[in-house]
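**Q**
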Amino acid sequence: MRSDSDLPERAGGGGAGRTGARRRALERRRRGGAGVIDALADLKAIIEALIFASPDPLTLKILLKTLDDEPREHVEEALAALRRDWGDRPGGLQLIEVAGGYQIVTRPELHDRVRRLFHEHSSQRLSVQALETLAVIAYRQPVTGPEIAEIRGVNTSGVIGTLVDRRLVKVVGRKAVIGRPFLYATTREFLDRFGLKDLTDLPKVEDMAEALGMEVPPALAADDPRDAALPFEPPPGIAAGPGGGAGKVH
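Following my numbering, the numbering of the sequence shown begins with 410 at its first residue and continues without gaps.
1. Let me confirm a value: residue 461 is counted as buried when at least 16 other C-beta atoms fall within 10 Å, else exposed. Which label applies?
2. Is it right to say residue 493 is buried, meaning 16 or more other beta carbons lie within 10 angstroms of its own, or is it exposed?
3. For the structure I just gave you, are there three or more beta carbon pairs, one from the segment 567-586 and one from the segment 480-488, closer than 8 Å?
4. Scan the segment 545-586 and note each continuous beta strand (DSSP E) run of 3 residues or more that stays entirely inside, going in chain order.
5. Looking at residue 572 and residue 542, is the spacing between their C-beta atoms short of 8 Å?
6. DSSP three-state call for residue 594: helix, strand or coil?
7. Among 457, 536, 546, which has the Cα closest to the Cα of residue 730?
8. Let me make sure I understand the geometry here. Which of 598, 600, 539 has the alpha-carbon closest to that of residue 570?
9. Alpha helix (DSSP H) containing residue 472: first to last residue?
10. Of the choices 602, 568, 590, 585, whose alpha-carbon is the least far from that of residue 536?
11. Count the other CB atoms, across all protein chains shown, that sit within 10 Å of the CB of residue 588; report buried if there are 16 or more and exposed otherwise.
12. Below 8 Å on the Cβ atoms is my guess for residue 496 versus residue 515; work out the distance and round it to an integer in Å.
13. If we count the other Cβ atoms within 10 Å of its Cβ and call it buried at 16 or more, is residue 586 buried or exposed?
14. Let me make sure I understand the geometry here. Which of 513, 471, 479, 507 has the alpha-carbon closest to that of residue 491?
15. In terms of residue numbering, what span does the beta strand (DSSP E) encompassing residue 504 cover?
16. Which residues bound the alpha helix (DSSP H) around residue 510?
17. Is residue 603 helix, strand or coil by DSSP?
18. Which residues bound the alpha helix (DSSP H) around residue 588?
19. Pick out whichever of 551, 600, 518 has its Cα sitting closest to the Cα of residue 499.
20. Note down, in chain order, each residue of its chain lying with its Cβ closer than 8 Å to the Cβ of residue 467, except the 5 sequence neighbours on either side.
21. Compute the beta-carbon to beta-carbon distance between residue 507 and residue 606, rounded to the nearest angstrom, for a pair I have assumed lies under 8 Å.
22. Straight-line CA distance for residue 475 to residue 610?
23. Counting along the chain, where does the alpha helix (DSSP H) carrying residue 449 start and finish?
24. Could you tell me if the beta carbon of residue 538 falls within a distance shorter than 7 Å of some heavy atom in the ligand SAH?
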């Protein structure tokens with residue numbers, strides 16, 4: 410077996426740099442004279458373990474930061490190979506892209522079986538009123554409390570507070586009208602909990618309303634906000650909204 414020193418240098422400074430990085434990566438994988446471990450398989454295993462261990466969807470940014478001793482192209486190559494492996498893999502788990510990151514989850518067709526393992530408390534579930542309010546925010550964001558109340562026809566301040574506490578909704582600014590009411594939008598936690606890659610994955614308003622057993626308010630059906638660019642973080646200078654507890658919704 411030839412050593413790393415036998416690898417040919419590439420022409421040009423950039424090529425030499427990449428060759429050097431690869432040499433260092435291979436050198437890190439030497440174990441007690443046993444030779445070079447398959448670099449791609451080794452890195453795939455590490456990434457798979459990190460995704461599995463992460464409590465939240467693992468983004469490429471966090472992955473690169475965690476594996477800061479690995480060249481970016483190696484990490485991306487290993488991640489792509491891992492996704493292909495999982496795509497062809499039978500079993501009860503799947504690797505999905507959700508909320509801007511990656512997560513290993515149970516397959517949807519097995520959810521009813523898996524739920525039997527857990528005894529959920531009623532306090533963990535969202536009420537019908539909270540789900541309806543969340544639907545209005547999801548499709549009309551950014552939206553104010555008074556606007557939500559007008560669409561639903563009832564006061565929603567308490568329900569909005571619950572959604573903020575569950576980290577499904579947050580304040581993203583204030584509307585430039587009298588009183589400067591808070592503007593609310595959904596969070597990455599919302600995408601994660603409902604298995605959405607991004608807001609373009611939202612179902613049609615009519616389908617959501619049917620699933621919730623509610624009629625579609627005219628104001629909610631007027632526009633489709635999925636085409637709009639929606640903020641995930643408060644703009645500079647805007648204080649984070651009230652609440653921010655870490656409750657989970659299943």
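For glycine and all other residues, C-beta sits at the position ideal for the given N, C-alpha and C.
**A** The relevant details are as follows:
1. exposed
2. exposed
3. no
4. 578-583
5. yes
6. strand
7. This structure cannot speak to residue 730, because the chain is shown only from 410 to 659.
8. 539
9. 469-475
10. 568
11. exposed
12. In fact, because the Cβ distance is near 16 Å, the residues do not count as touching under 8 Å.
13. exposed
14. 513
15. 502-507
16. Unbroken run through residue 510 is the beta strand (DSSP E), 510-515; no alpha helix (DSSP H).
17. coil
18. From DSSP, residue 588 is part of no alpha helix (DSSP H); its letter is neither H nor E.
19. 518
20. 459, 460, 510, 511, 512
21. 6 Å
22. 29 Å
23. 448-462
24. Inclusion of the ligand SAH in the displayed structure is not the case, the ligand content being empty and no account of it being possible.
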